[in-house]
Structures are given as C-alpha cells and as structure tokens.
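Numbering (my numbering), first residue to last: 5 to 394.
Just so it is clear, CB atoms sit at the ideal spot from N, CA and C, and this is done for glycine as well.
Working notes for the structure below.
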Ligand SMILES: NC(=O)c1ccc[n+]([C@@H]2O[C@H](COP(=O)([O-])OP(=O)(O)OC[C@H]3O[C@@H](n4cnc5c(N)ncnc54)[C@H](O)[C@@H]3O)[C@@H](O)[C@H]2O)c1
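Shown next, in the form of structure tokens:
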C-alpha cells in the first residue's frame with residue numbers, strides 16, 4: 005500500500021471485469037469509507053476489460069483513474085496493491101496465480117475456480133506469495149445470515165438435525181436461448197466450469213459449511229433439460245454441457261442431514277435463495293427476498309406463545325451485525341451492502357492480521373463439495389469428501 009487518502013492508507017485496487025460484479029464491487033469500494041471507519045481505504049486505481057470504449061465509460065461512471073484492456077498489463081503494474089477478479093470462471097485461476105506471483109493481494113469472485121484441482125493451485129499461489137486473499141461469497145454478510153451464525157455459535161439451536169437450502173431461477177427455460185459469448189458464458193461449461201452447481205449451489209454450500217460445518221459425503225442428480233443450443237461464438241448448434249438443475253443430499257460431520265436444490269427452470273423465480281436449519285432447541289430460516297428478516301422458532305416458546313418469530317434485523321440497539329454502521333433503527337439495507345461489508349472486513353483483516361473469510365483455502369472446501377456433487381451425479385453413487393474427488 006502507498007500514499008494516503010485523508011490521512012488513511014490507500015489500498016490501490018485493480019479491478020478486472022466490468023459486468024454485474026464489477027459494478028457491485030466498485031459500488032462497495034466507493035461506499036465503504038463513508039460508513040466504516042477504517043485505517044485503510046480503497047483507491048480505484050485501474051479497471052480492465054477487453055473493450056476500451058466500454059471500459060473507459062465504466063471508469064468514468066465509477067471513478068477509476070485509468071484503464072487497461074489486457075489483464076496481464078494490469079497485473080504487471082507496480083502502482084496496484086490488490087487485483088479484484090470479476091470475470092468468467094475460466095479466467096480465475098490464471099489471473100489469480102499471476103497476480104499472486106506479482107506480489108498482489110487477490111480478491112476473487114466465486115466460484116473460486118473451475119475445479120478443486122485449479123482451486124488448490126490458486127491456494128498454493130497465494131500462500132506461497134504470502135498475499136492476502138478472499139473470495140466473494142457475499143451472502144455470509146447479509147446481517148440476518150450473520151446473526152444466524154452468531155445464534156448457532158452461541159448454542160441457541162443445540163444439536164443440528166437438518167440443513168436445507170434452495171437457489172431457484174427461471175431464465176434458461178426458452179429453448180432458443182443461445183449459449184456462450186459475452187452475455188451467456190454461464191451456459192457454456194468451457195467458460196463456467198459447471199451450471200447451477202458452481203453458479204448458484206456454490207453460494208448455498210459456502211453458507212452451509214460456514215453455518216453447519218464440513219460435509220462428509222454427498223449424493224446428487226443433475227439434469228440438462230435443453231440438450232443443445234446455438235453457440236454464440238460459432239453460430240453452430242452445439243451440445244449443452246452444463247447442469248441446468250441439481251439436487252443433492254449430504255451428511256454433515258456433525259451428524260445432521262442436508263438437502264440442497266438449484267435450478268434455472270423454476271418458473272416464477274428470478275433469484276430466490278432460501279435456507280432453513282432445524283436444531284434441538286430452535287429452528288432458523290431465511291430467504292433472499294426478505295433478506296433483512298431472520299425467522300426463529302424457539303422451543304422455549306411452546307404453549308400459548310408457540311410460533312415463528314420474524315426478527316427484523318434492523319430494529320437494533322447497535323448489537324445486530326453491521327447495522328450500527330448504517331441508518332437509524334428500523335431502516336433497511338439491501339443486496340449491495342453485503343459487498344460493502346465484505347470490503348470492510350477485508351480491510352480490517354489487513355490491519356488486524358486476522359484474514360477476512362472466506363480465504364481461497366476456505367473457498368476451496370466449497371469447490372471440493374461442488375466437484376463431489378458433480379462426480380456423484382455422473383456416477384450415480386455417494387461421493388465421500390474425506391478423499392478429494394478430483
Ligand atoms: N457473488 C455473487 O453473488 C456473484 C454474482 C454474479 C456473478 N458472480 C461471479 O462473478 C464473476 C463475473 O460474473 P458477472 O456476472 O459479473 O459476469 P458479467 O458477464 O456480467 O461480466 C464479466 C466481465 O468480464 C469481462 N471479461 C471477460 N473476459 C475477460 C478477459 N479475458 N479480460 C478482461 N475482462 C474480461 C467482460 O467484458 C465483462 O465486463 C463470475 O465468476 C461469477 O460467477 C458472483
């Protein structure tokens with residue numbers, strides 16, 4: 005890090021990718037110092053994507069000082085401290101390992117990699133270089149989800165019996181939707197690695213591992229409902245190699261059972277992430293469309309008051325996660341704030357020396373589960389997580 009902004013150290017960011025996540029991260033870098041009092045602040049040094057005109061427009065909208073059109077040039081610059089990877093999954097490994105070798109901190113979008121083998125390479129690169137690293141599993145930092153973590157850690161649920169999660173969308177039902185290219189890389193396994201498993205279930209798995217601990221084994225089924233689509237790169241009809249839908253069961257090491265489902269064929273759902281946890285003393289549930297509420301059923305309330313409580317995670321006395329940084333009690337925050345929280349935690353980790361999670365190594369555990377799920381779906385058998393599956 006070099007120089008100061010208003011007396012605070014500057015973390016000079018080089019962002020790669022100007023799409024959905026490029027915007028979400030840029031917003032977070034711009035906002036964080038307005039709400040969090042940290043000794044170090046992000047500085048938007050450069051942004052990179054392949055089209056110069058669009059990158060220049062992005063730089064002007066979000067306040068980046070300069071642009072690059074080749075990520076290698078970005079990584080080679082000596083005026084950048086941290087590389088932020090917001091490009092399709094295919095590029096994560098090569099960019100992250102190059103950035104680490106150049107001594108840069110690396111923040112990488114999820115899923116960490118195309119496979120656990122690639123993820124391991126990325127972990128070794130950042131660990132060998134000794135550079136700070138983090139993966140953007142942002143749902144950990146929805147205040148209601150963070151509160152769930154606190155309640156579980158405090159033992160409020162007791163022994164956990166069940167964990168279930170869904171991530172549902174409906175945007176790929178049309179058979180004439182093409183695959184590949186700039187907008188539809190998620191439908192091309194060569195760019196994305198997998199379909200809903202790496203794209204959507206990876207979020208559910210990361211949250212589950214964080215809230216409920218490691219998984220022991222999994223059994224899965226996947227389906228590709230539309231078997232071929234026109235590929236935008238060639239104009240030719242080509243097989244679809246991603247999983248359109250995935251459902252899996254798992255056993256957690258703590259003895260609880262997990263049920264997970266994700267699809268892009270759930271008509272009526274654009275992006276619905278839900279989770280529920282049932283414990284000996286209490287149950288918790290949360291859903292992305294009501295993200296500021298955590299629902300709690302407590303066995304202590306049996307009798308006249310039996311029922312689910314809906315905790316509005318903004319009616320705080322300063323004790324609900326992150327909420328003391330925002331508005332007066334009762335006023336909500338939303339999706340984009342999860343990224344602000346993640347930047348704040350990353351910066352704090354640099355100062356305290358306690359790295360913000362998930363690090364690459366933490367996120368590799370999710371990648372291993374994704375691989376095991378896909379292996380099980382292919383083999384039709386349970387896959388153990390005690391031995392890496394690939
Ligand atoms: N944390 C989350 O909730 C979340 C949500 C969406 C996407 N993601 C992840 O973020 C990453 C990006 O997804 P997105 O939705 O922002 O994609 P996007 O398609 O909206 O944007 C991708 C950007 O990368 C650029 N790009 C592609 N190849 C490049 C290259 N070789 N060099 C430089 N730039 C290149 C494109 O021009 C585009 O600007 C993916 O890994 C995805 O899985 C995470």
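Hey, which residues come within less than 7 Å of ligand 1, measuring from Cβ to any heavy atom, in chain order?
20, 21, 22, 23, 24, 25, 26, 52, 53, 54, 55, 75, 90, 91, 92, 93, 95, 96, 113, 114, 115, 140, 141, 142, 186, 187, 189, 203 and 207
Taking Cβ positions, are residue 244 and residue 230 nearer each other than 8 Å?
yes
When DSSP builds the beta bridges, which residues end up paired with residue 312?
301
Assuming residue 173 and residue 275 form a contact by the criterion Cβ under 8 Å, report the distance between their Cβ atoms to the nearest whole angstrom.
6 Å
Please state whether the Cβ-Cβ distance between residue 153 and residue 214 is less than 8 Å.
yes
Nearest residue (CA-CA) to residue 131, options 100, 11 and 278
100
Classify residue 3 as helix, strand or coil using the three-state DSSP reduction.
With the chain covering 5 to 394 only, the question about residue 3 has no answer from this structure.
Cβ shell of residue 203 (< 7 Å), same chain only, five flanking positions each side left out:
Within the same chain, and ignoring the five residues on either side of residue 203 in sequence, the residues whose Cβ sits closer than 7 Å to its Cβ are 190 and 196.
On the CB-based measure, 16 or more other CB atoms within 10 Å of its CB, does residue 314 come out buried or exposed?
exposed
Could I get the ranges of all uninterrupted alpha helix (DSSP H) runs contained in the region 20-77, with 4 residues as the minimum, in chain order?
24-39 and 56-66
Neighbourhood of residue 349 by C-beta distance below 6 Å, restricted to the same chain and skipping five residues each side:
Counting only Cβ-Cβ distances below 6 Å, and skipping sequence neighbours, we find 360.
Helix, strand or coil: which one does DSSP assign to residue 12?
In this structure, residue 12 counts as strand in the three-state DSSP scheme.
Look at residue 376 and residue 116 and say whether their C-beta atoms are less than 8 Å apart.
Not closer than 8 Å, so no.
DSSP state of residue 141 mapped onto helix, strand, coil:
If DSSP states are grouped into helix, strand and coil, residue 141 belongs with coil.
On the three-state DSSP scale, how would you describe residue 319?
Residue 319: coil per DSSP, three-state reduction.
Counting only runs of 3+ residues fully inside the region 79-128, write out the beta strand (DSSP E) ranges in chain order.
The qualifying runs are 86-89 and 109-112.
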